[in-house]
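For what it's worth, the UniProt record's numbering labels the leading residue of the sequence shown as 1, then goes sequentially.
For each residue, glycine too, the CB sits at the ideal point set by N, CA and C.
What follows is a single structure, written as structure tokens, with notes after it.
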Amino acid sequence: MPHRDVRTWTILVSTFARVGSNGAALELFKTMQNEGIKPNQFTLSSVLKCCSSLSELKIGKGVHGWILRNGVVFDVILENALFYFYVKCEDFGSAKWLFESMEEKNSVTWNIMIGAYLDTGNVDKAVDLFRRQGLKGVSIWNTIINGLMRNGFERIALKLLYEMVKYGTLFNEVTFSIALVLVSLLKDLELGKQIHGRVLLSGIHVDGFLRNSLIDMYCKCGEMKMALKVFEKMDTYFGRNENSIEEVISWSSIISGLVLNGEFEDAFKTFTSMVRKDIGIDAFSITSIVSACASFGVLELGRQVHGLVQKMGHKLDAHLGSSLIDMYAKCGNLDDAKRIFKQTNDMNVVLWTSMVYSYALHGRGREAVQLFEFSMSHGLLPNEVTFIGVLTACSHAGLVEEGCRYFRLMKEVYGIKPGVEHFTRMVDLYGRAGQFKEIKKFIDENGIHHLGAVWRSFLSSCRLHRDIDMAEWVSENLLRCKTLDAGPYVLLSNIYAIKQRWEEVATVRRLMQSRGVKKHPCQSWIQIRNQVHAFIMHDRSHPQKNEIRAYLYKLIGRLREIGYSSDAKLVMQDVEKKQGEGEMLLGFHSEKLATAYGIISTASRTPIRIMKNLRICDDCHNFMRYTSQLLDKEIIVRDIHRFHHFKHGCCSCGDYW
1 MPHRDVRTWT
11 ILVSTFARVG
21 SNGAALELFK
31 TMQNEGIKPN
41 QFTLSSVLKC
51 CSSLSELKIG
61 KGVHGWILRN
71 GVVFDVILEN
81 ALFYFYVKCE
91 DFGSAKWLFE
101 SMEEKNSVTW
111 NIMIGAYLDT
121 GNVDKAVDLF
131 RRQGLKGVSI
141 WNTIINGLMR
151 NGFERIALKL
161 LYEMVKYGTL
171 FNEVTFSIAL
181 VLVSLLKDLE
191 LGKQIHGRVL
201 LSGIHVDGFL
211 RNSLIDMYCK
221 CGEMKMALKV
231 FEKMDTYFGR
241 NENSIEEVIS
251 WSSIISGLVL
261 NGEFEDAFKT
271 FTSMVRKDIG
281 IDAFSITSIV
291 SACASFGVLE
301 LGRQVHGLVQ
311 KMGHKLDAHL
321 GSSLIDMYAK
331 CGNLDDAKRI
341 FKQTNDMNVV
351 LWTSMVYSYA
361 LHGRGREAVQ
371 LFEFSMSHGL
381 LPNEVTFIGV
391 LTACSHAGLV
401 EEGCRYFRLM
411 KEVYGIKPGV
421 EHFTRMVDLY
431 GRAGQFKEIK
441 KFIDENGIHH
451 LGAVWRSFLS
461 SCRLHRDIDM
471 AEWVSENLLR
481 CKTLDAGPYV
491 LLSNIYAIKQ
501 RWEEVATVRR
511 LMQSRGVKKH
521 PCQSWIQIRN
531 QVHAFIMHDR
541 SHPQKNEIRA
551 YLYKLIGRLR
561 EIGYSSDAKL
571 VMQDVEKKQG
581 EGEMLLGFHS
591 EKLATAYGII
601 STASRTPIRI
611 MKNLRICDDC
621 HNFMRYTSQL
631 LDKEIIVRDI
641 HRFHHFKHGC
651 CSCGDYW
């Protein structure tokens with residue numbers, strides 16, 4: 001290039017930055033300076049964006065210093081770029097100072113600051129800042145509603161969505177997408193229908209992306225008729241865009257929705273129809289369907305999909321292999337997960353991470369650690385997900401020293417910034433080992449008092465060790481996070497129940513009612529001959545309810561003869577004077593009903609696999625152990641945290657969960 005001025009350099013730097021080549025863009029900026037070309041506001045904005053993407057705090061501060069020394073005039077674009085840089089690099093002191101000193105703030109400025117508060121868990125400050133802004137454009141409404149939703153404050157997000165309507169702010173495509181995700185989380189079908197109607201009235205072009213959001217919403221709200229209706233109208237849109245990514249997503253979404261709603265035969269038929277119509281079965285569509293099978297533990301459907309994929313001639317690469325490993329592991333079949341891992345034979349971090357996490361999920365902590373060490377010794381670079389897997393393995397196996405070493409390794413050697421899940425796994429690691437002082441120290445050192453997930457994990461450990469004094473202290477910190485999740489309240493109530501402090505149990509329940517917190521019902525399900533049977537506590541809806549209950553009564557009687565006894569203290573009410581009533585309540589927990597149905601519906605030596613949406617209680621854990629011993633039958637239970645393999649009166653968790 002014969003003449004390179006600031007304009008041509010700026011175009012070059014900004015182009016590299018735009019395509020994600022941030023390191024190369026910074027090298028170009030250095031060369032530009034060496035050639036004596038003085039950057040302008042546009043060049044500097046691009047360079048600061050690169051520093052933000054790479055979390056290069058030192059370089060970015062150097063750029064800021066250069067701006068001040070050379071008297072560059074700040075405009076709102078450059079100030080926003082600098083402000084965003086400090087936020088992304090977590091230098092919140094500098095970010096806050098810059099925000100307060102900015103004379104001109106536009107919607108981008110407010111979005112950045114509100115987003116920063118939300119990302120650090122300062123929800124009250126985020127909402128307060130939002131209220132302080134005068135004229136609110138649609139983008140700032142989208143930021144605050146989406147941020148609240150992502151941080152688990154769905155009800156507050158919904159309240160602001162109603163305010164947005166009240167103030168007359170017009171929804172755009174992003175608003176509708178956020179609103180539909182919010183509806184899916186709340187499972188509020190009526191609200192979903194209202195938003196669907198609003199989409200149609202708005203005149204916004206309902207493209208493939210928005211239609212897919214509608215399909216996903218109806219599926220998650222259990223309204224498959226409407227989901228299928230929206231899906232069937234896709235032909236009019238995709239007639240011009242055959243095999244587009246949106247069309248593939250639509251098919252994948254409807255199949256996943258059918259799985260979610262227990263319509264497994266229809267899910268498989270729809271998948272085969274997708275194959276016949278040559279819709280472009282790709283890695284995304286296959287992994288979406290396999291992931292749905294994994295999420296709901298439907299092993300037989302997963303096997304059918306796997307078989308069809310093999311017939312289609314799809315290569316078992318690292319991407320497909322990791323999805324299949326995850327599916328088999330989450331369906332309770334670790335042997336098939338290991339088989340897929342060996343068949344794939346690829347040094348790929350996603351594949352190896354899937355296998356590490358699978359071992360962790362099944363309580364095979366030492367095997368997970370061995371695999372992790374082997375992968376590192378062969379030059380495989382672990383990512384943040386790999387460390388979640390290995391920390392989970394250490395937690396479930398009681399490997400405290402190893403877990404602490406891996407956490408340091410992640411930060412100091414691999415430069416990976418810990419996220420919420422890493423912090424939670426570390427608290428769980430210390431908590432299971434009863435090292436409560438170490439948890440307090442860890443929370444203080446890492447400045448994570450605002451993370452509700454961390455306090456929830458701490459509270460679970462208090463329940464495990466039945467430390468009621470510590471539980472009360474942890475609960476105070478957790479409830480300051482203003483969580484609407486019922487889990488912490490139920491945990492605290494259970495701890496009080498164990499100690500037979502029934503007045504405190506009642507107080508916690510009243511607090512839940514006053515805050516509008518609702519407990520999700522405990523549910524267990526089992527797949528028998530390609531059909532899923534779901535149970536809740538005291539379930540009387542199953543066609544074979546009388547046979548199930550009669551068998552369960554008989555089984556509990558036989559179990560008592562070999563040493564099993566119900567722990568009535570686990571029932572969340574004062575049953576001290578009604579011991580028989582307490583035992584009856586425990587007798588009809590959902591996983592016991594599912595187990596009884598599984599036993600009467602399968603051959604004597606056939607393992608049964610049960611999925612549960614919450615943590616298995618101590619009493620049901622004992623029940624499973626004694627049942628596996630009495631009947632010489634393997635029982636596999638997946639609860640919200642891990643798998644329990646009950647065999648010959650023992651559990652794979654070693655009673656450490």
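Beta-bridge annotation (DSSP): Ile528 is paired with Gln531.
When only Cα atoms are considered, Ala603 and Glu634 end up about 12 angstroms apart. Scanning its chain for C-beta atoms nearer than 6 angstroms, with the 5 sequence neighbours on each side dropped, one finds around Ser52 the residues Tyr84, Phe85, Lys88, in chain order. If you look at Ile140, you'll find it in the alpha helix (DSSP H) that goes 138 to 150. For His64, the uninterrupted alpha helix (DSSP H) segment begins and ends at 57 to 69.
Contact between the segment 297 to 305 and the segment 518 to 533 is established, with three or more Cβ pairs separated by less than 8 angstroms. Distance from Ala17 to Lys49 at the Cβ level is roughly 6 angstroms; contact confirmed, criterion being Cβ atoms closer than 8 angstroms.
In the three-state DSSP reduction, Gln544 falls in the coil class, being neither helix nor strand.
For the alpha helix (DSSP H) assignment, the uninterrupted runs of no fewer than 4 residues enclosed by the segment 255 to 302 are, from N- to C-terminal side, 264 to 276, 283 to 296. Taken through DSSP and simplified to helix, strand or coil, Gln435 comes out as coil.
One alpha carbon belongs to Ile616, the other to Tyr626, and they sit about 15 angstroms apart. DSSP places Gln41 in the helix class (H, G or I) of the three-state scheme.
Within the DSSP secondary-structure output, Lys647 pairs in a beta bridge with Cys650. Going by beta carbons, Phe231 and Ile204 fall outside the 9 angstroms limit. Only residues of its own chain outside the window of five on either side were considered, and among them Gln133, Ile140 have a CB closer than 6 angstroms to the CB of Trp110, listed in chain order. With a cutoff of 9 angstroms on beta-carbon distance, Val6 and Phe29 are scored as not near each other.
Under the three-state reduction of DSSP, Val517 is assigned to coil, being neither helix nor strand. According to DSSP, Val637 shares a beta bridge with Ile610, His644.
In the three-state reduction of the DSSP assignment, Ile178 falls in the helix class, which pools H, G and I. Under DSSP, Ile448 shares a beta bridge with no residue.
By DSSP's assignment, Gln523 forms a beta bridge with Ile536.
If you check the CB distance, Leu351 and Ser322 come in under 9 angstroms. Contact between the segment 434 to 443 and the segment 607 to 624 is absent: fewer than 3 CB-CB pairs across the two stretches fall below 8 angstroms.
If the five residues before and after Phe588 are omitted, its C-beta is found closer than 7 angstroms to the C-beta atoms of Met537, His538, all from its own chain and listed in chain order. As for any alpha helix (DSSP H) of minimum length 4 sitting wholly inside the segment 297 to 332, the runs are 299 to 311, 318 to 330, ordered along the chain.
Cα atoms of Phe176 and His450: separation of roughly 30 angstroms, rounded to the nearest angstrom.
In its chain, beyond the 5 residues on either side, Met347 have a beta carbon closer than 7 angstroms to the beta carbon of His378.
Three or more beta-carbon pairs separated by less than 8 angstroms link the segment 141 to 151 to the segment 107 to 123, which places the two stretches in contact.
By alpha-carbon distance to Pro382, the top candidate from Gly365, Leu361, Ala433, Met355 is Met355. Spatial neighbours of Val385 in its own chain (CB-CB distance under 7 angstroms, excluding positions within 5 residues in sequence) are listed in chain order as Thr353.
For Cys620, the uninterrupted alpha helix (DSSP H) segment begins and ends at 618 to 631.
By a beta-carbon distance limit of 8 angstroms, Phe436 does not contact His422. Their separation comes to about 19 angstroms.
Here Lys220 is buried: its Cβ has 16 or more other Cβ atoms, across all protein chains shown, within 10 Å.
With a threshold of 16 other beta carbon atoms within 10 Å, His648 falls short and is exposed. Between Ser288 and Ser253, the gap from beta carbon to beta carbon is short of 9 angstroms. Sixteen is the threshold: when 16 or more other Cβ atoms of the shown chains lie within 10 Å of the Cβ of Gly365, as they do, the residue is buried.
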